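Novice:
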Amino acid sequence: MSPCPPPVAGLPARPAISAWPDVAELYRRFDALVKQPMRPIRADKLPQVMRYFDERCQGSRRLAERAKAVIPGGVQHNLAFNHPFPLAITQAEGAHMTDVDGNRYIDFLQAGGPTLLGSNHPVVRQKVNEVLDSCGPVTGLLHEYEVKLAELVCQSMPGVEMVRLLGSGTEAVMGAVRLARAYTRKKWIIKVGGAYHGWSDQLVYGMRLPSTGRMEAVGIPRGATGNTQECHPNDLDALRRKLQLNRLRGGTAAVLLEPLGPESGTRPVHPDYNRQVRQLCDEFGALMIFDEVVTGFRLGMGGAQAYFNVKPDLTVLGKCLTGGYPMAGAIGGRKDVMMLLVGGIGTTTRRAFVGGTLSANPLSCVAGYHALLEAQRTGAAGVAGRAGDRLRQGLEAIIHRLGLPYVVYNMGSIVHLQTSGVLLLDTSNIFKLLRVKNEATQRKHMMEAMGAAYTAHGLITLAGSRIYTSLADTDAVIDDALNRFEDVFKLV
Ligand SMILES: Cc1ncc(COP(=O)(O)O)c(C=O)c1O
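Residues 368 to 859 in this note's numbering are what the sequence shown lists, from first letter to last.
#1: What is the rounded straight-line gap between the Cα of R350 and the Cα of T808?
#2: In the DSSP assignment, find the unbroken alpha helix (DSSP H) run with A620 in it and report its ends.
#3: If you draw a straight line from the C-alpha of G690 to the C-alpha of P414, how long is it?
#4: So, at 8 Å on beta carbons, what are the nonlocal neighbours of C371 in its own chain, with the 5 sequence-adjacent residues on each side left out?
#5: Just verifying my parser: in three-state terms, what is the DSSP assignment at P372?
#6: How long is the line joining the alpha carbons of T551 and A653, rounded to whole angstroms?
#7: Beta-carbon separation of G618 and K553 under 8 Å?
#8: Helix, strand or coil for G595 per DSSP?
#9: Taking 7 Å as the cut-off, is the C-beta of Y358 nearer than that to any heavy atom in ligand 1?
#10: For H637, which of helix, strand or coil comes out of DSSP?
#11: For E597, collect the residues of the same chain with a Cβ closer than 6 Å to its Cβ; drop the 5 residues on either side in sequence, then sort them by chain order.
#12: Can the beta-carbon of A697 be found closer than 8 Å to that of L627?
#13: Nearest to L393 by alpha carbon, out of M655, P679, N641, V636?
#14: Do you know how far the Cα of G507 is from the Cα of Q785?
#15: Does K678 come out as helix, strand or coil in the three-state DSSP assignment?
#16: Which of the three DSSP states is assigned to I797 in this structure?
#17: Provide the residue span of the beta strand (DSSP E) that contains T551, from first to last.
#18: Do you know offhand how far G770's Cα is from I834's?
#19: Quick check: V721 and R531, are their CB atoms within less than 8 Å of each other?
#20: Residues in its own chain within less than 6 Å of H824 by CB, not counting five upstream and five downstream?
#21: Since G667 sits in a beta bridge, which residues does DSSP pair it with?
#22: For F651, count neighbouring Cβ atoms within 10 angstroms of its own Cβ and tell me buried if that reaches 16, exposed if not.
#23: Could you check whether the region 728-748 touches the region 494-506, counting it as contact only if at least three pairs of C-beta atoms, one from each stretch, sit closer than 8 Å?
#24: I'd like the list of long-range same chain contacts for G461, defined as Cβ closer than 7 Å, with 5 residues on each side in sequence excluded.
#25: What runs of the alpha helix (DSSP H), each 4 residues or longer, lie entirely inside the region 734-760?
#26: With distances taken between CB atoms, is the gap from T465 to L800 smaller than 8 Å?
#27: Alpha carbon to alpha carbon, how far is R718 from D649?
#28: Ordered along the chain, which non-local residues of its own chain (more than five positions away) have a Cβ less than 7 Å from that of V844?
#29: Enumerate in chain order the residues of its own chain whose CB-to-CB distance from H450 is below 8 Å, with the five nearest sequence positions on each side excluded.
#30: Considering K558, what are the terminal residues of the beta strand (DSSP E) in which it resides?
#31: Locate the beta strand (DSSP E) running through N850, then write down its first and last residues.
#32: Can we count A695 as close to ligand 1, meaning its CB is less than 7 Å from some heavy atom?
#33: How many Å lie between A436 and R429 at the Cα?
#34: Per the contact definition of three or more C-beta pairs closer than 8 Å, is the region 757-767 in contact with the region 536-547?
#35: Quick check on the burial criterion: 16 or more other C-beta atoms within 10 angstroms. Buried or exposed for I925?
#36: So, with DSSP's three-state summary, where would you put Y773?
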């Protein structure tokens, strides 16, 4: 394969997604994957994987042990809960990171998605330092970068005329739901089963696996999820039925969806799905909310809405919005709706209240503005997307050659590698859900073991099943990664 050419100034950016996957074929292969016995790392090879952690990761192990005394479970970020213990990282740059024991890894976690430019990009870091030197991270008053970032987001995203910055994707989803209810004066929120929209009370519902409802809603009163509903992915008839029923009992304020499909496209949508949901929203007077926390800017400056050419009423942003710096969250959307988010203390106008001491601080805004400018200048989404294509094609060839049932697919820089199929189990009704509960635990263990094997071969993935590529992933990085993946798959 020839090296990937650098982006050329003046030429239109390459699209982030070169081709939408063949969805019907994918679902057929998902079905085949979960219907056959698991293909984990062989029992006689597992000790070899675990030896890596014993022999090469003692510094991480010691820190993880220390952490357990003061941090529940020993680590705070959900994505760092890796088997057999979380790695302690000291350096991250571009496509690589290094742990406290000096081991170097190819970084396909990319902090869970925000660092489209690769980790710790020098241009962004320098601009952040300039602002820190002049006014520190926060003043509580207006800063020029707050306006510049908002202007850039509004210019880039087709459905965003105004924007309000918040603390995280979770906060922004929470605010968007409140805003939709305030605007429509209706109460129901319909989400797609399996989608993750953060951890607010009303959206820990139907998480990860469709039709699981309140399965993870521990500590959340029934009333908090009482007006949340879920529909199975791609099921437009079910969505219509819910919209019809809701019309008789308070109306639907919004349909909330991840535009690629739940869990960043783990169960991909049919290419026309978003447009048809848009039509249903219009027919029933519900707002359409795109949760673009993952897809915003990672799929190009216009996000998934530009790719699908579907304009949501509201857009939730996070992650790439601040280029990996703290406080990544925003609600954007139609001006008439957004005006209900007007700020200030105790106004007399009717509004949906949101706030946050550190929201829209200069540090987040300068980081976001320059990260997005740099992404635009370099065509980062397209470059990362081609890296995703190259990785997917290479993995496909290895999987095929070794006769494994695994399924790999990508939407640009978001690559899904399904080996255990735990997120693809059929939970479409309560009986199926009960039946797969035990199997889900076993398949989850397999996914964790695969994650550990990748790590022991110098590859950091997201929970052993997802990969984010970045601008820093040259052909050489991807080819190096493919050799490492092949070494892991030979242990199966
Ligand atoms: C689609 C989606 N929405 C919302 C969130 C929540 O964002 P945050 O972690 O910033 O609260 C996430 C986080 O992974 C996400 O993937």
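No residue lacks a Cβ here, since even glycine has one placed at the ideal position from N, Cα and C. Please read all numbers here as calculations on a predicted model, not as lab measurements.
Specialist: Taking the definition as stated:
#1: For the chain, the structure presents residues 368 to 859; residue 350 sits outside this window and is missing.
#2: First-last for A620: 619-624, but that is the beta strand (DSSP E), not the alpha helix (DSSP H).
#3: Taking the straight line from one Cα to the other gives about 38 Å.
#4: Because C371 carries a pLDDT of 41, less than 50, the predicted location of this residue cannot be relied on, and the following value inherits that uncertainty. Spatial neighbours of C371 in its own chain (CB-CB distance under 8 Å, excluding positions within 5 residues in sequence) are listed in chain order as V750, R753, A754, R757, T841, D842.
#5: Any reading at P372 needs caution, since the residue's pLDDT is 43, under 50, leaving its predicted position unreliable; the model's value is listed next. In this structure, P372 counts as coil in the three-state DSSP scheme.
#6: Cα to Cα, the separation comes out at about 7 Å.
#7: The answer is yes: Cβ separation under 8 Å.
#8: A small correction: the amino acid at residue 595 is Thr; Gly does not occupy that position in the sequence shown. Residue state, collapsed to three classes: strand.
#9: Coverage of the chain is limited to positions 368 through 859, which leaves residue 358 absent and any answer about it impossible.
#10: Three-state result, H637: coil.
#11: So the qualifying residues of the chain are K558, G560, G573.
#12: Contact: no.
#13: It is V636.
#14: Our two residues, Q785 and G507, have alpha carbons roughly 45 Å apart in a direct line.
#15: In the structure shown, K678 sits in coil (DSSP, three-state: anything other than H, G, I, E or B).
#16: Three-state DSSP puts I797 in a helix.
#17: Segment 536-551 is the alpha helix (DSSP H) holding T551; no beta strand (DSSP E) there.
#18: Near 22 Å, if we compare the C-alpha coordinates of I834 and G770.
#19: Contact: yes.
#20: Excluding sequence neighbours, H824 sits near R851, D854, V855.
#21: Per DSSP, F664.
#22: By the Cβ-count criterion, F651 is buried, with 16 or more other Cβ atoms from all chains shown falling within 10 Å of its own Cβ.
#23: Judged by Cβ distances under 8 Å, the region 728-748 makes contact with the region 494-506, as three or more pairs qualify.
#24: Excluding positions up to five away in sequence, the list reads G485, S486, A839.
#25: Residue ranges of uninterrupted alpha helix (DSSP H) with 4 or more members are absent from the region 734-760; none lies entirely inside it.
#26: Judged by beta-carbon spacing, L800 lies beyond the 8 Å limit of T465, meaning their Cβ atoms are not closer than that value.
#27: In this structure, the CA atom of R718 is about 23 Å from the CA atom of D649.
#28: Within the same chain, V844 has close Cβ partners A462, I473.
#29: E815, A816, G818, A819, listed in sequence order.
#30: Unbroken beta strand (DSSP E) run through K558: 555-559.
#31: That residue, N850, is in no beta strand (DSSP E); its alpha helix (DSSP H) goes 842-856.
#32: A695 Cβ: within cutoff of ligand 1.
#33: Taking the straight line from one Cα to the other gives about 12 Å.
#34: Touching, no.
#35: The structure shown does not extend to residue 925, since the chain is modelled only from 368 through 859, so no value can be given for it.
#36: Looking at Y773 - three-state DSSP - the assignment turns out to be coil, as it is neither helix nor strand.
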